[in-house]
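A.B. asks: Okay, handing you the structure first.
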Amino acid sequence: MKESDSLEKSLVKAVFATMENMAFEEPEILPGPLEIKGETISFSLQVVSPYLLLTRVEIPKKLAAKLTKTIYRDDEKEITDDLLADSVGEFLNTIIGTMMGDLTLGERIFEMGLPQKITGKQKTPPGDTRRVFFRIEGFPFCLEIFGEAFVGS
2 MKESDSLEKS LVKAVFATME NMAFEEPEIL PGPLEIKGET ISFSLQVVSP YLLLTRVEIP
62 KKLAAKLTKT IYRDDEKEIT DDLLADSVGE FLNTIIGTMM GDLTLGERIF EMGLPQKITG
122 KQKTPPGDTR RVFFRIEGFP FCLEIFGEAF VGS
């Protein structure tokens, strides 16, 4: 199996585990590419070891609000834009941490940066990319991975 195939498989597994464990939702994989319509929230997260990767999530704001409400389970807590952003950043951090734990079999140290909110138009870095589309309750969202693991794949 190519390294990039293993990486994509681990990403999908991590998305399923994270959404099921944090938000009690089971995503489904969608064929892509798809346009994610409406207002979205996007974050990026860099992995610096043992791979050099840039990861990105784009999720509709309405889905982010639904997932955030599930996590906090407090009807009186106001779901602010800051809370939505924190939740999406934490989802990405958990997904990529889970993916890297799977890839390294828990035997190698991996290093990641902090989730960074993306504002404005998203630029796609040069080089190979993997984009995987998912859906939860009718809302599609996307995770992307850019980086050296895809060179020559």
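Numbering of the sequence shown is given in my numbering, commencing with residue 2 and proceeding in unit increments.
For every residue, glycine included, the Cβ atom is placed at its ideal position computed from N, Cα and C.
Buried or exposed, going by whether 16 or more other CB atoms sit within 10 Å of the CB of Glu1?
C.D. replies: Missing from the structure shown is residue 1; the chain here goes from 2 to 154 and no further.
A.B. asks: Can you give me the C-alpha to C-alpha distance between Gly90 and Glu9, rounded to a whole angstrom?
C.D. replies: Taking the straight line joining both Cα atoms gives about 20 Å.
A.B. asks: Straight-line CA distance for Ile96 to Thr19?
C.D. replies: If you take the alpha carbons of Ile96 and Thr19, they lie about 6 Å apart.
A.B. asks: May I ask whether a heavy atom of the ligand GDP can be found less than 6 Å away from the beta carbon of Pro116?
C.D. replies: Among the components of this structure there are no ligands whatsoever, and the ligand GDP is therefore not found.
A.B. asks: Terminal residues of the continuous alpha helix (DSSP H) containing Phe92?
C.D. replies: Taken as a continuous stretch (DSSP letters only), the alpha helix (DSSP H) holding Phe92 covers Asp82 to Leu104.
A.B. asks: Could you tell me whether the Cβ atoms of Ala15 and Thr99 are closer together than 7 Å?
C.D. replies: Their beta carbons are under 7 Å apart, which means Ala15 touches Thr99 by this criterion.
A.B. asks: If the criterion is Cβ atoms closer than 7 Å, does the pair Leu64 and Phe140 meet it?
C.D. replies: Yes, these two residues count as a Cβ contact at 7 Å.
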